[in-house]
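If you number the sequence shown the way this note's numbering does, the last residue is 1189 and the count never jumps. In this text, a Cβ means the ideal position worked out from N, Cα and C, and glycines have one as well. One structure is given below, encoded as structure tokens.
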Amino acid sequence: MLFSLSATHDSSIQNALKPRLLVIVNVFKPDLGGGILFTDLCNGFAERGWDVSVKCAFSYYPEWQDKSGKNGIMIEESREHGLRIERHGLYIPGNPNSLPQRLLHEASFFLSLMRRRPSRGEYDLVMAFCPLIASVAYGVAASRFSHAPLWLNVQDLSAQAAVAGGLAGASARLMLWVQNTLFRRAHAWSSISGSMVGALRQIPGAPKHIFCLPNWLHADMARMLSLQSRTRAETHNPLRLLYSGNVGAKQDLLSFCMAMHHRSDAFEFRIHAGGARVEELRIWLNNIGDSRFLLHPLTSEEELADWLSWCDFYVITERQGAGHAFLPSKLIPAISAGAPILAVCDSDGPLGREVGQHDLGPLISWTDLDLDPIWKTRSDPARTVATWSNNAIRRSRFYTRESSLDRYVECAQAILERHSNRGTGFT
């Protein structure tokens, strides 16, 4: 019994010595896309000796539906794999393309989070993820209440995305002002690509140093792809195309499908999708009756690994003029599987630069939508397809989990050390 009490006491001391991190994000596992990545990030911090708490929403993305059946006014607390998780209800838009509904979505999440405010000294570091401005707003409040530095992690720029989606005038200026004002309250900034870091530096009052911390291939997907990854030597006939992920205004996938529909070439385009614009895509496909397109719901990660091995090209579309949009996380599992990337986007955005600089596949501009390079690979498949596939696998090594998470923890420690030396000076 004395041994048990001593062990418990030692464990309490060890826990007390762990740095305490609060992560604020809207999506978390089992949500797909960012939800899986943010969960893996928190697990990575826990594996490296941090005490991690998460404040997030009930699962709803990318379907924009209450997937748990628990969304509402309640707050659910749980402990999963050593993480303290607190899930909050929020308004889920019936039409995610509606700006008023999206603003209500943001406001409801902020107000829901504000029902639980941290006490002074409860955390050593607060990390807030953007694209949701609500997460950043609560991060500012949590930092003030707990007297812990705030780390702003920008995955996407909400205000700029809204402007690219058509928001203009006084509303656009107001949204930019709110976003930038909240950003300036953070003590450290980071983003996921050089282009995004460059965009953040244009914000008045941005810090001189902004961490560039790319996303990575999370552990579960890495294990599955290790069995499926292959180098392509030639393409199939009909050509096999795969799209898997969110379909919203930013992707503009329907415009690409319309261009493909007008070609007489043989192809099979499998689309595994969820999101705000899926129904619009489904209606168009039903009306045209083109059997070359196959629309399916989002798959499990295991099934995605199988389809990545199946395809000749993995399709990623990004709306023209989207500006400094984030580097899509769907790129990383695709190149890890050795799939050449068919990118339809601006050449000077993060996706265009990544595909162009590393020669990962055909880079197609929205300006002319010249799709001929896709079929020209058949004239010399050994040179083109094999090169793209080998380049993809080579580039994927940059996005390995352990090295990426080590960089995150090193940055977190640097932030704590810097603010410990300076004194936080919070009031």
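Review point. Counting pairs of Cβ atoms below 8 Å between the segment 974-989 and the segment 1092-1106, do you hit three or more?
Key: yes
Check your understanding: Hey, would you say Leu1015 sits closer than 8 Å to Leu1043, going by beta carbons?
Key -> The sequence position of residue 1015 within the sequence shown is 253, counting from 1. The sequence position of residue 1043 within the sequence shown is 281, counting from 1. Yes. Within cutoff.
Point to revise | Cβ separation of Ile1033 and Leu1056, assumed to be a contact under 8 Å, to the nearest whole Å | key: Residue 1033 sits at position 271 when you count from the first residue of the sequence shown. Residue 1056 sits at position 294 when you count from the first residue of the sequence shown. Indeed they touch by this definition, with Cβ atoms about 7 Å apart.
Point to revise | C-beta contact flag for Ala1035 and Ser1071 at 8 Å | key: Within the sequence shown, numbered from 1, the residue matching residue 1035 stands at position 273. Within the sequence shown, numbered from 1, the residue matching residue 1071 stands at position 309. For Ala1035 and Ser1071, no; Cβs fall outside 8 Å.
Check your understanding: Going by Cα to Cα distance, which pick from Ser1062, Met1020, Pro1059 and Trp1069 is closest to Ile1050?
Key -> The sequence position of residue 1050 within the sequence shown is 288, counting from 1. For Ile1050, the nearest C-alpha among the options comes from Met1020.
Review point. When you compare only the Cα positions, how much space is there between Ser920 and Thr1061?
Key: Position 158 of the sequence shown, counted from the start, is the residue given in the question as residue 920. Position 299 of the sequence shown, counted from the start, is the residue given in the question as residue 1061. For the pair Ser920 and Thr1061, the Cα-to-Cα distance works out to about 27 Å.
Review point. Is the segment 862-872 in contact with the segment 890-897, if contact means three or more CB pairs nearer than 8 Å?
Key: yes
Exercise for review: Output the distance between the C-alpha atoms of Arg1145 and Trp1046, rounded to the nearest integer angstrom.
Suggested key: Position 383 of the sequence shown, counted from the start, is the residue given in the question as residue 1145. Position 284 of the sequence shown, counted from the start, is the residue given in the question as residue 1046. Roughly 36 Å separates the two Cα atoms.
Exercise for review: Between the Cα of Val959 and those of Pro1112, Ile847, Glu825 and Leu912, spot the shortest distance and give me the residue it belongs to.
Suggested key: If you number the sequence shown from 1, residue 959 lands on position 197. Looking at the Cα atoms, Pro1112 is the closest of the given residues.
Point to revise | Straight-line gap, Arg879 to Leu1178 (C-alpha atoms, nearest Å) | key: Here residue 879 refers to the residue found at position 117 when the sequence shown is read from its first residue. Here residue 1178 refers to the residue found at position 416 when the sequence shown is read from its first residue. Going from the Cα of Arg879 to the Cα of Leu1178 covers about 21 Å.
Check your understanding: Rounded to a whole number of angstroms, what is the C-alpha to C-alpha distance between Pro858 and Val789?
Key -> For the purposes of this step, residue 858 is taken as the residue at position 96 of the sequence shown. For the purposes of this step, residue 789 is taken as the residue at position 27 of the sequence shown. Rounded to the nearest angstrom, the gap between the Cα atoms of Pro858 and Val789 is 15 Å.
Check your understanding: What does a CB cutoff of less than 7 Å around Gly1123 pick up in its chain, not counting 5 residues either side in sequence?
Key -> Counting from one through the sequence shown, the residue named residue 1123 turns up at place 361. For Gly1123, where only same-chain residues beyond five positions count, the Cβ hits under 7 Å are Phe1075, Pro1102, Ile1103, Leu1104, Ala1105, Val1117 and Trp1150.
Check your understanding: Which residues mark the beginning and the end of the beta strand (DSSP E) in which Val814 is found?
Key -> Counting from 1 along the sequence shown, the entry for residue 814 is found at position 52. If you look at Val814, you'll find it in the beta strand (DSSP E) that goes Asp813 to Ala819.
Review point. In whole angstroms, what is the alpha-carbon distance linking Lys832 and Ile1126?
Key: Taking the sequence shown and counting its residues from 1, the one referred to as residue 832 is at position 70. Taking the sequence shown and counting its residues from 1, the one referred to as residue 1126 is at position 364. Using only the alpha carbons, I get a separation of about 43 Å.
**Study point:** CA-to-CA distance, Lys791 to Phe800, given in whole angstroms
**Key:** The residue you call residue 800 lines up with position 38 of the sequence shown. The residue you call residue 791 lines up with position 29 of the sequence shown. Going from the Cα of Phe800 to the Cα of Lys791 covers about 8 Å.
Exercise for review: Drop a sphere of 10 angstroms on the beta-carbon of Gly883, count the other beta-carbons inside from all chains shown, and report buried for 16 or more, exposed for fewer.
Suggested key: As a working mapping, residue 883 is identified with position 121 in the sequence shown. The residue is exposed, with fewer than 16 neighbouring Cβ atoms inside 10 Å.
Exercise for review: From the DSSP output, in three-state form, read off Val1077 for me.
Suggested key: Counted from its first residue, the sequence shown places residue 1077 at position 315. Strand.
Point to revise | Ser952 - containing beta strand (DSSP E), residue span | key: Position 190 of the sequence shown holds residue 952. Where Ser952 is concerned, the enclosing beta strand (DSSP E) stretches over Ala950 to Ser953.
Review point. Over what stretch of residues does the alpha helix (DSSP H) that includes Met1022 continue unbroken?
Key: The count along the sequence shown starts at 1 and reaches residue 1022 at position 260. Note, Met1022: alpha helix (DSSP H), Leu1015 to His1023.
Exercise for review: Helix, strand or coil for Leu1003, going by three-state DSSP, please let me know.
Suggested key: What you label residue 1003 is simply residue 241 of the sequence shown in a count that begins at 1. If DSSP states are grouped into helix, strand and coil, Leu1003 belongs with the strands.
Exercise for review: Identify, in the order they occur along the chain, each residue of the same chain with its Cβ nearer than 6 Å to the Cβ of Val785, setting aside the five sequence neighbours on each side.
Suggested key: As a position in the sequence shown, residue 785 is number 23, starting the count at 1. Counting only Cβ-Cβ distances below 6 Å, and skipping sequence neighbours, we find Cys804, Val816 and Met889.
Exercise for review: Given a cut-off of 8 Å, decide if Asp886 and Arg782 are closer than it, judged by their beta-carbon atoms.
Suggested key: Within the sequence shown, the letter at position 20 stands for residue 782. Within the sequence shown, the letter at position 124 stands for residue 886. The answer is yes: Cβ separation under 8 Å.
Point to revise | Between the CA atoms of Val1147 and Leu865 - distance to the nearest angstrom | key: Translated into the one-based positions of the sequence shown, residue 865 becomes position 103. Translated into the one-based positions of the sequence shown, residue 1147 becomes position 385. Whole-angstrom Cα-Cα distance: 44 Å.
Review point. Name the DSSP bridge partner or partners of Trp1137?
Key: As a first step, residue 1137 is located in the sequence shown; it is residue number 375 there, counting from the start. Trp1137 is not bridged to any residue.
Review point. Counting along the chain, where does the beta strand (DSSP E) carrying Arg849 start and finish?
Key: Indexing the sequence shown from 1 puts residue 849 at position 87. Counting along the chain, the beta strand (DSSP E) containing Arg849 begins and ends at Leu845 to His850.
Review point. Which same chain residues, not among the five before or five after Gly1007, have their C-beta less than 6 Å away from its C-beta?
Key: Translated into the one-based positions of the sequence shown, residue 1007 becomes position 245. Result list for Gly1007: Lys1092, in chain order.
Point to revise | Chain-order list of residues whose beta-carbon lies under 7 Å from that of Val1040 (same chain, five-residue window excluded) | key: Along the sequence shown, one-based indexing puts residue 1040 at 278. Closer than 7 Å at the Cβ level, and outside the excluded window around Val1040, lie Val1009.
Check your understanding: For Ser840, which of Ser1165, Cys818, Leu852 and Lys829 has the nearest alpha-carbon?
Key -> Along the sequence shown, read from residue 1 onward, the residue named residue 840 stands at position 78. For Ser840, the nearest C-alpha among the options comes from Cys818.
Exercise for review: Please work out which residues of its chain come closer than 6 Å, Cβ to Cβ, to Gly901, disregarding the five sequence neighbours upstream and downstream, and give them in chain order.
Suggested key: Taking the first residue of the sequence shown as 1, we reach residue 901 at position 139. Result list for Gly901: Ile786, Val888, Ala890 and Leu912, in chain order.
Exercise for review: Just the C-alpha distance for Glu838 and Ala1067, rounded to the nearest angstrom, thanks.
Suggested key: The residue labelled residue 838 in the question sits at position 76 within the sequence shown. The residue labelled residue 1067 in the question sits at position 305 within the sequence shown. Each residue's Cα considered, the two are about 32 Å apart.
Check your understanding: Helix, strand or coil: how does DSSP classify Met889 here?
Key -> For the purposes of this step, residue 889 is taken as the residue at position 127 of the sequence shown. Residue state, collapsed to three classes: strand.
Review point. With burial defined as no fewer than 16 other Cβ atoms inside 10 Å of the residue's Cβ, what is the status of Asn915: buried or exposed?
Key: Position 153 of the sequence shown, counting from 1, holds the residue named residue 915. So Asn915 counts as buried.
Check your understanding: Relative to the C-alpha of Pro966, which residue among Val940, Asp1132, Asn999 and Asp793 is closest?
Key -> Along the sequence shown, read from residue 1 onward, the residue named residue 966 stands at position 204. When C-alpha distances from Pro966 are compared across Val940, Asp1132, Asn999 and Asp793, the shortest belongs to Val940.
Review point. What do you reckon, are the CB atoms on Ile847 and Tyr822 nearer than 8 Å?
Key: Start at 1 with the first residue of the sequence shown, and residue 847 comes out as number 85. Start at 1 with the first residue of the sequence shown, and residue 822 comes out as number 60. No. Outside cutoff.
Exercise for review: Compute the Euclidean distance between the alpha carbons of Thr770 and Leu989, then round it to the nearest angstrom.
Suggested key: As a working note, residue 770 is residue 8 in the sequence shown. As a working note, residue 989 is residue 227 in the sequence shown. In this prediction, Thr770 has a pLDDT of 45, which is less than 50 and means its spatial position is unreliable; nothing more can be read from the coordinates.
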